[in-house]
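Below: one structure, written as structure tokens.
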Amino acid sequence: ADLNFAKDKRLHTFVMFSVVSSSGLSELGAHTWRAPMDCLRASEMCNQNSQCSSRFRIMRQCLVGRDRSTMLANKECQAALEVLQDSPLYECRCKRGMKKELQCLQSFWSIHMGLSEELYETSPYEPMHFSDEFRLASIISGLCSDAGKPCNPCLDAAKSCNLNDTCKRQRSAYIATCNRATPIAHTQEPCNRKRCHKALRQFFERVQSEFSYPLLFCSCQDKACAERRRQTIVPACSFEEKSRPNCLELRRTCRTDPLCRSRLADFHLNCQMTPHTITSCPNDNYHGCLVAYVGLVGSDVTPNYLDANHSNITISPWCSCRGSSNQETECEAFLRDFRENTCLKNAIQAFGYGANAGLLPITESQSGVTSERPHLQPAIITKPAISSNDIQPVDSACVFSTCANLKVTLSPRSLIWVLFLEKECVKEIRTAVDLRDLLTHNL
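Here you go:
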């Protein structure tokens, strides 16, 4: 019943079932979803089979210096692909941050065709689920000690990072690298962009999200805070250039690199604007969207905040659609997946407000803007109007009134609260409901 509710998103149900199917979605999926084989192991199995290994070698040769259409026109390449589609390689996936990740991704893309001109590609990564570490990072990012004092969560995030040895060391390393001018005189670039990108990737790979994510997704109420957030990745080196390249050219460059290509495909998968969800994210997994977004930082398609507007954020890679010719529609669609992505905006807002999810600002829908994917329409978070019968926060995210705990029906307006309840809160609600049932039975 819980799984059906999660799929159908029906709003009229019991509060207990609502909490389990939204906050416990990842735990439920873990029992029904079987992890695919990683591509390194699949490659080993293929090498042990003479037919598979020979076809795999042919396929790799087919991909060298050929685009997708040229490769498919070759009968030998076509035959090799047909054989490999029945092997473990075709369904294999990779894990983020795994050892030999690049080698795993190379194996994946050697099966999933050559460079294509498709707007969206299959992500090579395993599906993501919520983690306790991410929940903790989300709570920390939204905290301000005193309501009466000036609050700058981005500054607080930097202070928190400096208290952690790994975060402080890695942050200092990428800032120094990205600020360091190259020794060559009269160079066009103020820094070594490749080294800067590598240092940024290492920061987000080696530092716990508890410390790194609040630097990038802190909630801001003023321009100074928003500007600090924009400066997190040292955009003068990692992001901005003297001129904006065409977005489709930037995408083509990205797709020549297995890592960048994988991260871009993963972003499109996890941040696609999805209908019938509160956050506009697939399965309301805004965590997955943020992880995919962070995966792009330090790549050729590095995204960032375009300005210091704290009330209406705009995120984009450093590119434009000028000179797109007859591909302008496709280029605009690519750019819109960043600039007008309600899933991404709501994910950042949800993270930044942490446990104070009820204070989420309204993200207005963009009139006339729809997803380029078939049948996908953006859904927007709206600030819930809390009635006396809804679950209401008191002094803590885990403290609710007795009447709220024992209330059986959950109104659609309060469903937003369910999405942001922490695991500990869920346990407390379960205990309260179990206690009620026990008392009712004994009486």
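Its first residue numbered 702, the sequence shown is counted upward by one per residue in my numbering.
By construction, the Cβ of each residue, glycine as well, lies at the ideal position given by its N, Cα and C atoms.
- In this structure, C778 sits near C763, with a CB-CB distance shorter than 8 angstroms.
- Judged by DSSP secondary structure, Y875 falls within the alpha helix (DSSP H) whose first and last residues are D866 to N880.
- Taking 8 angstroms as the cut-off, the Cβ atoms of L901 and I934 count as close.
- By the Cβ rule, the region 1023-1035 does not count as touching the region 990-1009, because fewer than three pairs are nearer than 8 angstroms.
- The beta carbons of L949 and V1002 sit no closer together than 8 angstroms.
- With fewer than 16 other beta carbons inside 10 angstroms of its own, R758 counts as exposed.
- Residue burial annotation: P1018 is buried, with at least 16 other C-beta atoms found within 10 angstroms of its C-beta.
- Below 8 angstroms, too few C-beta pairs join the region 925-940 and the region 1036-1052 to call them touching: fewer than three.
- L916 sits buried, since 16 or more C-beta atoms from the chains shown fall within 10 Å of its C-beta.
- In the three-state reduction of the DSSP assignment, P828 falls in the coil class, being assigned neither a helical nor a strand state.
- Between the region 905-915 and the region 976-987 there are fewer than three C-beta pairs closer than 8 angstroms, too few to call the two in contact.
- Buried is the label assigned to A1048, since at least 16 other Cβ atoms lie within 10 Å of its Cβ.
- Here H898 is buried, its C-beta having at least 16 other C-beta atoms within 10 Å.
- In this structure, the alpha-carbon of L864 lies about 50 angstroms from that of Q786.
- G1053 counts as buried, since no fewer than 16 other beta carbons sit within 10 angstroms of its beta carbon.
- Residue environment for G999: buried (at least 16 other C-beta atoms within 10 angstroms of its C-beta).
- Around the CB of H969, 16 or more other CB atoms lie within 10 Å, so the residue is classed as buried.
- Contact annotation, F918 with Q871: C-beta distance approximately 17 angstroms; criterion of less than 8 angstroms not satisfied.
- Cβ atoms of D958 and S824 stay farther apart than 8 angstroms, at about 15 angstroms.
- Partner residues in the beta bridge of S1021, as assigned by DSSP, are N947.
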